[in-house]
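Just so you know, this note's numbering puts 99 at position 99 of the sequence shown, and the rest follows in order with no gaps. Below: one structure, written as structure tokens.
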Amino acid sequence: MRPLIAAIGIVCVAAVAGNACALVSYDEGRRTVLGIALLQDVKNPDQYYYIPPFPSVSVNANGDLEFLCLGFIDAKSNMSGGIIHFLCEFKLPDEAVKELQEALEEEVPGAEIAGAVPLLEPEGEDATSFEIISAVLSDTAEGGFTRKIISSGHAPLTPGSKAAVAAVLSPQGATLLWNTLKEPTADISVSVHAYYEAAVEGYNARVSADISTVYSHFSSVLNVQQGYTRRQLRRITDEMVRKATIKIEVTERAGLGIDTASMDAITNLITDKLVNLMFDAETGLSKLPEKEVAVEHGQIPGRKKASWFQRTFLGGSGNQQYITDNQYVMKKREDIQTNTFFIDLTKRTTIRVPVHTAGNMGGLYDSFKDDQKVFRVVNLDDPSFEMREVYFMVDNEYLAAFQDTVNFVSVSFRKQYEKSHDVTEQLMFDSRDISEGRTSKPVRYPRLGVTDSSWLNYEYRVNWSVRDRPTVTIPAGEDEWLSATDSTIALIPPFTKLTVGVEVDGTEDDFLANGVHSARVEMRWPIVGTMRSATKAALRYNDQEPRKEFIIYYDRDAAPEYRVTWYEKGGTGRQTDGWQTIASGTTEHEIFLPLPSFKEEAETEGDE
Numbered sequence: 001m002r003p004l005i006a007a008i009g010i011v012c013v014a015a016v017a018g019n020a021c022a023l024v025s026y027d028e029g030r031r032t033v034l035g036i037a038l039l040q041d042v043k044n045p046d047q048y049y050y051i052p053p054f055p056s057v058s059v060n061a062n063g064d065l066e067f068l069c070l071g072f073i074d075a076k077s078n079m080s081g082g083i084i085h086f087l088c089e090f091k092l093p094d095e096a097v098k099e100l101q102e103a104l105e106e107e108v109p110g111a112e113i114a115g116a117v118p119l120l121e122p123e124g125e126d127a128t129s130f131e132i133i134s135a136v137l138s139d140t141a142e143g144g145f146t147r148k149i150i151s152s153g154h155a156p157l158t159p160g161s162k163a164a165v166a167a168v169l170s171p172q173g174a175t176l177l178w179n180t181l182k183e184p185t186a187d188i189s190v191s192v193h194a195y196y197e198a199a200v201e202g203y204n205a206r207v208s209a210d211i212s213t214v215y216s217h218f219s220s221v222l223n224v225q226q227g228y229t230r231r232q233l234r235r236i237t238d239e240m241v242r243k244a245t246i247k248i249e250v251t252e253r254a255g256l257g258i259d260t261a262s263m264d265a266i267t268n269l270i271t272d273k274l275v276n277l278m279f280d281a282e283t284g285l286s287k288l289p290e291k292e293v294a295v296e297h298g299q300i301p302g303r304k305k306a307s308w309f310q311r312t313f314l315g316g317s318g319n320q321q322y323i324t325d326n327q328y329v330m331k332k333r334e335d336i337q338t339n340t341f342f343i344d345l346t347k348r349t350t351i352r353v354p355v356h357t358a359g360n361m362g363g364l365y366d367s368f369k370d371d372q373k374v375f376r377v378v379n380l381d382d383p384s385f386e387m388r389e390v391y392f393m394v395d396n397e398y399l400a401a402f403q404d405t406v407n408f409v410s411v412s413f414r415k416q417y418e419k420s421h422d423v424t425e426q427l428m429f430d431s432r433d434i435s436e437g438r439t440s441k442p443v444r445y446p447r448l449g450v451t452d453s454s455w456l457n458y459e460y461r462v463n464w465s466v467r468d469r470p471t472v473t474i475p476a477g478e479d480e481w482l483s484a485t486d487s488t489i490a491l492i493p494p495f496t497k498l499t500v501g502v503e504v505d506g507t508e509d510d511f512l513a514n515g516v517h518s519a520r521v522e523m524r525w526p527i528v529g530t531m532r533s534a535t536k537a538a539l540r541y542n543d544q545e546p547r548k549e550f551i552i553y554y555d556r557d558a559a560p561e562y563r564v565t566w567y568e569k570g571g572t573g574r575q576t577d578g579w580q581t582i583a584s585g586t587t588e589h590e591i592f593l594p595l596p597s598f599k600e601e602a603e604t605e606g607d608e
């Protein structure tokens, strides 16, 4: 039996991300719960985002595993080929998220899981966010297990997105892959490469100061006097205690490219002002409180005043009695003055934290070997009750065409029998099917006892609906059909995919020096026999990226054209070289544009 043509296709199914704007903290709030890394939201400390530990096979809305492995065997039970098709996602199952939420609440009351951390694809020409790691599927040499591999390279990073993987295997490849799926570690691993943005403190300065003054005054007088006896006891205590501390902590994270000179200047200014304020004894925080006046000695009356007779006839002499006065006078004052100063200067930035992980299909067969929707063996040579499945797959090179060019593609299938009713089927692929990863669909028909190889023959027609254009039928005749025997048919539209790259030979300074403001690239091309034109790229002097790239789809054997128009900076002048032709059948074309000069034209006109 001729080996089946093997192919593998991968497409990433995108969904709208609800938490695409969320930003997590790199240093603060990070914790691990049930082995899952959790990151705290920058603005809401009660919200956490989890990092998925590894990609996994997805489950549809009905709870069925989105995985299919078919093995084709002949009459001798030898493997004659196979098909594997599955969808994978990069998130935790809902049950695991619920369990994680409960465990988090036990550690942090009131906290909640907001979802998976927003992940982004790595950048760069050689960057790949999604890979299939398999010795069988990667063997693309002549006579190998897989003849062709097509990968979009996009991982299912947004919530609700999935990556679809489909492969048609040769007999040897199907045998090896089927047997590895029975082992704890299978020969299919899915690798995801991404990164998330996290806020990190690049510079932090904390200045704290405390100054306290405690002034305590106590004075008392005990006086007992009567007759010619006087007893007096005085006590005075003045106490002042001052404490002053200043603390400066500066942390600067290296390698983040933050300009900390301005932050250092602010920190130094605040520190200088604070030191002067703390140690200024005249008007600052070190100014002394006024002292309390103690109980005075003269405030207690002394001896009685001598009478006139005594002063006149006795000459004022004599020992006078004290004025009867028993008293206790006490004065107590306590002043406590405390000044506290604290300032926290922080400058944050965002960093890209890489995430590299992989998941393996090991153990899948043991769990689902009895489920015919997951693992099934089809005997291609049993004439009694054998059923055959023919898969129609949209060519992966044209998946993006369903976004702006193709409305849908439909397939009419028929299998004719001599002694039985014919089998007819209708299939259709639209943009929703492509976005959800349904890039291949099967048609099943029975053998019905046919003993020769004619039971493999079938016929089909393909209709391509192009936006704003008439439907294209292949073959074009009303009663014409395509005959085939293959188990897989690739659906290729009747037009060519052209990827165009445009790059200007010049920097921003060159633009300004030549008086050029911008350039516009227009394309016109035939699609289903009718010309279509559009502006596909605009290049400006201040563009961050000098190169632009776009894709068009044009009729086979036709020649698309482009025209570049240059616009003068600060004026209405413009230049164009007219329409330029791209050779028919071209799939990739680079347009390298030298800068014109409006200034030279202005000078020439002035000389004339």
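We treat Cβ as the ideally placed atom computed from N, Cα and C, and that holds for glycine.
Which stretch, first to last residue, makes up the alpha helix (DSSP H) that contains residue 171?
Residue mapping note: residue 171 aligns to position 171 of the sequence shown, counting from 1. For residue 171, the enclosing alpha helix (DSSP H) starts and ends at 171 to 180.
Sort 63, 102 and 59 by Cα distance to residue 91 and report the nearest one.
For the purposes of this step, residue 91 is taken as the residue at position 91 of the sequence shown. The residue among 63, 102 and 59 with its C-alpha nearest the C-alpha of residue 91 is 59.
Skipping 5 residues on each side, what residues in its chain have a beta carbon closer than 6 angstroms to that of residue 549?
Counting from one through the sequence shown, the residue named residue 549 turns up at place 549. 501.
Take the Cβ of residue 134 as the centre, count every other Cβ of all protein chains shown within 10 Å, and call the residue buried at 16 or more, exposed below.
In the sequence shown, counting from the first residue as 1, residue 134 sits at position 134. The residue is buried, with at least 16 neighbouring Cβ atoms inside 10 Å.
Between the stretch 188 to 204 and the stretch 351 to 369, are three or more C-beta pairs nearer than 8 angstroms?
yes
One question on the structure: do residue 482 and residue 461 come within less than 8 angstroms of each other, judged by their Cβ atoms?
Indexing the sequence shown from 1 puts residue 482 at position 482. Indexing the sequence shown from 1 puts residue 461 at position 461. Yes, the Cβ-Cβ distance between residue 482 and residue 461 is below 8 angstroms.
How many whole angstroms separate the CB atoms of residue 644 and residue 423, which I take to be in contact at a CB cut-off of 8 angstroms?
As displayed, the chain neither begins before 1 nor continues past 608, which places residue 644 out of reach and without an answer.
Residue 496 versus 583, 333, 410 and 514, residue with shortest Cα-Cα distance
Position 496 of the sequence shown, counted from the start, is the residue given in the question as residue 496. Closest in C-alpha terms to residue 496, from the list 583, 333, 410 and 514, comes 583.
According to the neighbour-count rule (16 or more other Cβ atoms, all chains shown, within 10 Å of its Cβ), is residue 147 buried or exposed?
Looking up residue 147 in the sequence shown gives position 147. Here the model assigns residue 147 a pLDDT of 47, short of 50, so the residue's position is not dependable, and the following value carries that caveat. Classification of residue 147: buried, given that the 10 Å Cβ count is 16 or more.
Spatial neighbours of residue 28 within its chain, please: C-beta separation below 7 angstroms, excluding the five flanking residues on both sides.
One-based indexing of the sequence shown puts residue 28 at position 28. For residue 28, where only same-chain residues beyond five positions count, the Cβ hits under 7 angstroms are 40.
By Cβ distance, which residues of its chain are closer than 6 angstroms to residue 68, with the 5 residues on each side in sequence left out?
Start at 1 with the first residue of the sequence shown, and residue 68 comes out as number 68. So the list reads 85, once near-sequence residues are dropped.
Between the Cα of residue 586 and the Cα atoms of 592, 579, 593 and 556, which residue gives the shortest distance?
Position 586 of the sequence shown, counted from the start, is the residue given in the question as residue 586. Checked all of 592, 579, 593 and 556; the closest Cα to residue 586 is 556.
Going along the chain, which unbroken runs of the beta strand (DSSP E) with 3 or more residues stay wholly within the stretch 476 to 548?
482 to 484, 488 to 491, 495 to 505, 516 to 527 and 530 to 540
For residue 370, report the span of its alpha helix (DSSP H) as first-last.
Sequence index remark: in the sequence shown, residue 370 carries index 370 (1-based). Run containing residue 370: none; DSSP gives neither H nor E here.
Taking DSSP's pairing of strands, which residues face residue 322 in a bridge?
As a working mapping, residue 322 is identified with position 322 in the sequence shown. Bridge partners of residue 322: 227 and 303.
CA-CA distance, residue 472 and residue 563?
Along the sequence shown, read from residue 1 onward, the residue named residue 472 stands at position 472. Along the sequence shown, read from residue 1 onward, the residue named residue 563 stands at position 563. Taking the straight line joining both Cα atoms gives about 29 angstroms.
Rounded separation between residue 443 and residue 116 - CA only
In the sequence shown, residue 443 corresponds to position 443, counting from 1. In the sequence shown, residue 116 corresponds to position 116, counting from 1. Between the C-alpha atoms of residue 443 and residue 116 there is a straight-line separation of about 38 angstroms.
If we require 3 or more residues per run, which beta strand (DSSP E) segments fall completely within the stretch 393 to 451?
406 to 415, 423 to 430 and 440 to 446
Run the CB neighbour count on residue 183, radius 10 Å, all protein chains shown included, and call it buried at 16 or more, exposed below.
On the sequence shown, residue 183 is found 183 positions in, with the first residue counted as 1. Exposed: under 16 other Cβ atoms inside 10 Å.
Could you give the residue range of the alpha helix (DSSP H) that holds residue 561?
In the sequence shown, counting from the first residue as 1, residue 561 sits at position 561. Premise fails: residue 561 lies in the beta strand (DSSP E), 561 to 568, not in any alpha helix (DSSP H).
Limits of the unbroken alpha helix (DSSP H) element including residue 102:
For the purposes of this step, residue 102 is identified with residue 102 of the sequence shown, where counting begins at 1. First-last of the alpha helix (DSSP H) with residue 102: 94 to 107.
Is the CB-CB distance between residue 411 and residue 399 below 8 angstroms?
Within the sequence shown, residue 411 is the residue found at index 411, counting from 1. Within the sequence shown, residue 399 is the residue found at index 399, counting from 1. Residue 411 places its beta carbon 8 angstroms or farther from that of residue 399.
So what does DSSP say about residue 43, is it helix, strand or coil?
Residue numbering aside, residue 43 sits at position 43 when the sequence shown is read from its first letter. Coil at residue 43, not helix or strand.
On a Cα-Cα basis, can you pick out the residue from 520, 181 and 99 that is closest to residue 367?
Along the sequence shown, read from residue 1 onward, the residue named residue 367 stands at position 367. Nearest option by C-alpha distance: 181.
Just how far apart, CA to CA, sit residue 353 and residue 198?
Here residue 353 is taken as the residue at index 353 of the sequence shown, counted from 1. Here residue 198 is taken as the residue at index 198 of the sequence shown, counted from 1. Residue 353 and residue 198: Cα-Cα distance of roughly 7 angstroms.
Comparing alpha-carbon positions, which option in 246, 370, 533 and 552 lies nearest residue 397?
Your numbering for residue 397 matches position 397 in the sequence shown. Nearest C-alpha to residue 397: 552.
Option nearest residue 451 by Cα separation, candidates 418, 206, 301 and 530:
Against the sequence shown, residue 451 aligns to sequence position 451. If we check each option's Cα against that of residue 451, 418 comes out closest.
Going by DSSP, what residue range makes up the beta strand (DSSP E) through residue 80?
On the sequence shown, position 80 is the one that residue 80 refers to. Segment 79 to 89, the beta strand (DSSP E) holding residue 80.
Straight-line Cα distance separating residue 468 from residue 158
For this step, residue 158 is matched to residue 158 along the sequence shown. For this step, residue 468 is matched to residue 468 along the sequence shown. Rounded to the nearest angstrom, the two C-alpha atoms are 32 angstroms apart.
Would residue 236 be called buried (16 or more neighbouring beta carbons within 10 Å of its own) or exposed?
Taking the sequence shown and counting its residues from 1, one reaches residue 236 at position 236. In summary, residue 236 is exposed, with fewer than 16 beta-carbon neighbours lying within 10 Å of its beta-carbon over all protein chains present.
Which of helix, strand or coil DSSP assigns to residue 270
Looking up residue 270 in the sequence shown gives position 270. If DSSP states are grouped into helix, strand and coil, residue 270 belongs with the helices.
Could you round the C-beta distance between residue 129 and residue 89 to whole angstroms and report it? I think they count as a contact, below 8 angstroms.
If you number the sequence shown from 1, residue 129 lands on position 129. If you number the sequence shown from 1, residue 89 lands on position 89. 14 angstroms between Cβ atoms; not a contact.
Among 337, 120, 342 and 82, whose alpha-carbon lies nearest the alpha-carbon of residue 136?
By 1-based counting over the sequence shown, the position of residue 136 is 136. Nearest of 337, 120, 342 and 82 to residue 136, Cα basis: 82.
In three-state terms, what does DSSP make of residue 454?
Stepping through the sequence shown from its first residue, residue 454 is reached at position 454. Taken through DSSP and simplified to helix, strand or coil, residue 454 comes out as helix.
Distance, residue 524 Cα to residue 543 Cα:
Along the sequence shown, one-based indexing puts residue 543 at 543. Along the sequence shown, one-based indexing puts residue 524 at 524. Their backbone Cα atoms lie some 25 angstroms apart in a straight line.
Beta-carbon proximity check, residue 532 vs residue 565, cutoff 8 angstroms:
Locating residue 532 in the sequence shown gives position 532, counting from the first residue. Locating residue 565 in the sequence shown gives position 565, counting from the first residue. Against a cut-off of 8 angstroms, the Cβ pair of residue 565 and residue 532 comes out as no contact.
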